[in-house]
Amino acid sequence: MKDPSLKNLDARVLLVALVVGTGMFLVWYSTTWGAGLISDTFQYVASARSFAAGTGFSIPYGDGLLEPMTKYPPMFSIVLAVFELVGISALQGARFLNIFLFGVNISLVFMSVRQLTHSYYFSLLASLLFSISFVLIEVHSWALSEALYICLGLCTILALARYLKEINRKWLILGALLAASVFLTRYVGLSLILAVLIVIFFSQFDLKRKLVDVLLFGSITVLPIALWTLRGYLLTSTLNDRLIQFHPLTEKNYLSAINVIFEWFLPAPLVDRSLKFLLLLSGLLVLGIVIYWLRVYRGRWSSLTQNNEIIVMHIVYLITYLAMIIISKTWVDADIGLSDRMLSPMLVSLLILFAVFLSYLWNNVERTRIVIILVALGLFAYYLSGTVVSVPRFHQGGIGIARRGWNHSEPVQALRSYSSFPIYTNSISSLYLWSDRAGYNIRDFELLKEKGTDKKVLLVIFRNLPPSGERLKRLLDGLDLLQEDQIVSIYAFGPE
Numbered sequence: 001m002k003d004p005s006l007k008n009l010d011a012r013v014l015l016v017a018l019v020v021g022t023g024m025f026l027v028w029y030s031t032t033w034g035a036g037l038i039s040d041t042f043q044y045v046a047s048a049r050s051f052a053a054g055t056g057f058s059i060p061y062g063d064g065l066l067e068p069m070t071k072y073p074p075m076f077s078i079v080l081a082v083f084e085l086v087g088i089s090a091l092q093g094a095r096f097l098n099i100f101l102f103g104v105n106i107s108l109v110f111m112s113v114r115q116l117t118h119s120y121y122f123s124l125l126a127s128l129l130f131s132i133s134f135v136l137i138e139v140h141s142w143a144l145s146e147a148l149y150i151c152l153g154l155c156t157i158l159a160l161a162r163y164l165k166e167i168n169r170k171w172l173i174l175g176a177l178l179a180a181s182v183f184l185t186r187y188v189g190l191s192l193i194l195a196v197l198i199v200i201f202f203s204q205f206d207l208k209r210k211l212v213d214v215l216l217f218g219s220i221t222v223l224p225i226a227l228w229t230l231r232g233y234l235l236t237s238t239l240n241d242r243l244i245q246f247h248p249l250t251e252k253n254y255l256s257a258i259n260v261i262f263e264w265f266l267p268a269p270l271v272d273r274s275l276k277f278l279l280l281l282s283g284l285l286v287l288g289i290v291i292y293w294l295r296v297y298r299g300r301w302s303s304l305t306q307n308n309e310i311i312v313m314h315i316v317y318l319i320t321y322l323a324m325i326i327i328s329k330t331w332v333d334a335d336i337g338l339s340d341r342m343l344s345p346m347l348v349s350l351l352i353l354f355a356v357f358l359s360y361l362w363n364n365v366e367r368t369r370i371v372i373i374l375v376a377l378g379l380f381a382y383y384l385s386g387t388v389v390s391v392p393r394f395h396q397g398g399i400g401i402a403r404r405g406w407n408h409s410e411p412v413q414a415l416r417s418y419s420s421f422p423i424y425t426n427s428i429s430s431l432y433l434w435s436d437r438a439g440y441n442i443r444d445f446e447l448l449k450e451k452g453t454d455k456k457v458l459l460v461i462f463r464n465l466p467p468s469g470e471r472l473k474r475l476l477d478g479l480d481l482l483q484e485d486q487i488v489s490i491y492a493f494g495p496e
């Protein structure tokens, strides 16, 4: 499909701006009660505040104690620290940042498809689907690093596209610096680096240039994270606070990932009823595309790769990203969830490739045009219906522990008023995110209760978390209840 015959550029820019603005509004509206909060947010926000205060990347514990933050890479915390330095809370900054990044990422998707297809319409389609994707809206509504990761990843690929087009190493170096930032945002960023190295190695350059560019790109991207990992090892004697152990994936894990990916494009009831059929259909579709490409481009593979390195890069990235998630879950961190949020960068590449594929069919197989229109309208309707359901729900109830009930809870709001007492809790992260102070854990309280104390301390129990049963009864025995609701209970222990 050719570019629209609009009379002036302003109309086209205005339409893209409208899509961008719509997406940003949806994230803003979804985060009325604040960006979504989970325990990971505590690590990012606490280390950002510590970094801004000049005490390095540290996590507070108890009253004034600091522990080094080594579990997560530092880039998201660095960005949040900028907000702290200018007088804006890191939590507020996370919300503003991700609203802004959603607009940037919509624009980057538009630019990516435009670069690959030279089609305004299909670029607009991809950016529109991105902007109303209920999955991506939720991803950008959490106070987490995925939005920044997606942005830096798209910028990296665009920079590499310029490098492959102009054969100019300044773009390679820029892409390497961006890829290093990707790696410093999420460890799974190694998958993007591998994808880039693979594409460069199999490019049309001579062997000497390939080896030099692979070495240059690899050294720039890996050095910063290597230094960060060395710091973590020196501080904790672990690989970024993780132990190498084998955790074999279960059938449930694989089915969960497959369901997530299919549900990006098909309603959940249809996926649940037809999973085996969809897997078979997908395999046949991929096989058909491969056979078709081999027939059309037989004997001209060099021409194909020369003109479509970025398409190949997205495809390879999909493979390396999923492989990296599986390897990490199997050997490093069994708690990694194969969820929409974790796999969302794959959705971004799939939307770009989807728009590119539709554009190719539109321009080369005319009889498919009515099917293309129906598929585009169907996916638009599916995304819009999901957004119409999920966004009002986020707006009314909140996300994670940044929920309406928590904002209206008197005991939760009262946590800040107990600053003169040491606090023990079953959720240090929840306590910190709602009171801006850290506490001690339950085990510490059990030891304290055994020994006794000469000063009053508080025990804060968040009801959605353990302990429960007999252990909880033993903890609460002899304590005075100060405040309580369905979210949290606050107890006092010690002399009056």
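Residues 1 to 496 (my numbering) make up the sequence shown, in order.
Virtual Cβ for every residue (Gly too), placed ideally from N, Cα, C.
Here the structure is a predicted model, which means the values were calculated and not measured.
#1: Within 10 Å of its beta-carbon, does Y120 have 16 or more other beta-carbons around it, so buried, or fewer, so exposed?
#2: Using a Cβ-Cβ cut-off of 6 Å (strictly less than) and excluding sequence neighbours within five positions of N105, which residues of its own chain qualify?
#3: For the region 206-288, which segments carrying the alpha helix (DSSP H) assignment without a break, of at least 4 residues, lie completely within its bounds, in sequence order?
#4: Does DSSP classify V365 as helix, strand or coil?
#5: Within the continuous beta strand (DSSP E) that includes Q204, where are the two ends?
#6: Please report the straight-line C-alpha distance between G232 and P74, rounded to a whole angstrom.
#7: First and last residue of the beta strand (DSSP E) that includes E496?
#8: How far does the beta strand (DSSP E) with Y424 in it reach, from first residue to last?
#9: Consult DSSP for D480 and reduce its assignment to one of helix, strand or coil.
#10: Just how far apart, CA to CA, sit R300 and E138?
#11: Applying the 10 Å Cβ sphere with the 16-neighbour rule, what's the burial state of I244?
#12: By Cβ distance, which residues of its chain are closer than 6 Å to Y440, with the 5 residues on each side in sequence left out?
#13: By the three-class DSSP mapping on this structure, what secondary structure does S420 have?
#14: Would you list the one or two residues that DSSP bridges to W142?
#15: Nearest to I198 by CA position, among M313, G153, V182 and G23, is which residue?
#16: Under a Cβ-count criterion, where at least 16 other Cβ atoms within 10 Å of its own Cβ denotes burial, should V389 be classed as buried or exposed?
#17: Assuming S77 contacts S47 under a Cβ cut-off of 8 Å, what Cβ separation, rounded to an integer in Å, is found between them?
#18: Take the Cβ of E496 as the centre, count every other Cβ of all protein chains shown within 10 Å, and call the residue buried at 16 or more, exposed below.
#19: Nearest-angstrom Cα distance between I225 and G189?
#20: A414 by DSSP, collapsed to three states: which one?
#21: Give the straight-line distance between the Cα atoms of S429 and A94, rounded to the nearest whole angstrom.
#22: Since A402 sits in a beta bridge, which residues does DSSP pair it with?
#23: Starting from V460, trace the beta strand (DSSP E) both ways and give me its first and last residue.
#24: Which same chain residues, not among the five before or five after R369, have their C-beta less than 7 Å away from its C-beta?
#25: Does Y321 get closer than 8 Å to chain D when you measure Cβ to Cβ?
#26: Here's the rule: buried if 16 or more other CB atoms are within 10 angstroms of the residue's CB, otherwise exposed. What is R114?
#27: Measuring from the CB of L136, is there a heavy atom of the ligand ADP at a distance below 7 Å?
#28: With a CB to CB cut of under 7 Å and the five nearest residues on each side skipped, what residues in its chain are close to R49?
#29: So what's P60 in DSSP terms, helix, strand or just coil?
#30: Do you know how far the Cα of N308 is from the Cα of L211?
#31: Within the same chain, show all residues whose beta-carbon is closer than 7 Å to that of W28, passing over the 5 residues directly before and after it, in chain order.
#32: Quick check on DSSP: helix, strand or coil for L304?
#33: Alpha carbons only, please: which of P392, R404 and K456 is nearest the one belonging to F421?
#34: Where DSSP assigns a beta bridge to Y29, which residues make up the other side?
#35: Using DSSP's beta-bridge definition, name the partner residues of S489.
#36: Hey, could you find the ends of the alpha helix (DSSP H) L172 is sitting in?
Concretely, from the data shown:
#1: buried
#2: I150 and C151
#3: 207-236 and 251-263
#4: coil
#5: Neither: Q204 is in no beta strand (DSSP E) and is coded neither H nor E.
#6: 11 Å
#7: Per DSSP, E496 belongs to no beta strand (DSSP E) and is neither H nor E.
#8: I423 to T425
#9: strand
#10: Residue confidence for R300 is low, a pLDDT of 44 falling below 50, so the modelled location carries little weight; the figure read from the coordinates is stated next. Whole-angstrom Cα-Cα distance: 43 Å.
#11: exposed
#12: G62 and Y424
#13: coil
#14: G36
#15: M313
#16: exposed
#17: 4 Å
#18: exposed
#19: 10 Å
#20: helix
#21: 16 Å
#22: I399
#23: V457 to F462
#24: W362
#25: Chain labels in this structure do not include chain D; a single protein chain is all it has.
#26: buried
#27: Absent from the structure shown: the ligand ADP. Ligands present: none.
#28: E84 and A90
#29: strand
#30: 21 Å
#31: I99
#32: With a pLDDT of 40 at L304, under the threshold of 50, the predicted position of this residue should be treated as unreliable, and no value is reported.
#33: K456
#34: Note: Y29 sits in no beta bridge, so no partner.
#35: I461 and E484
#36: R169 to T185
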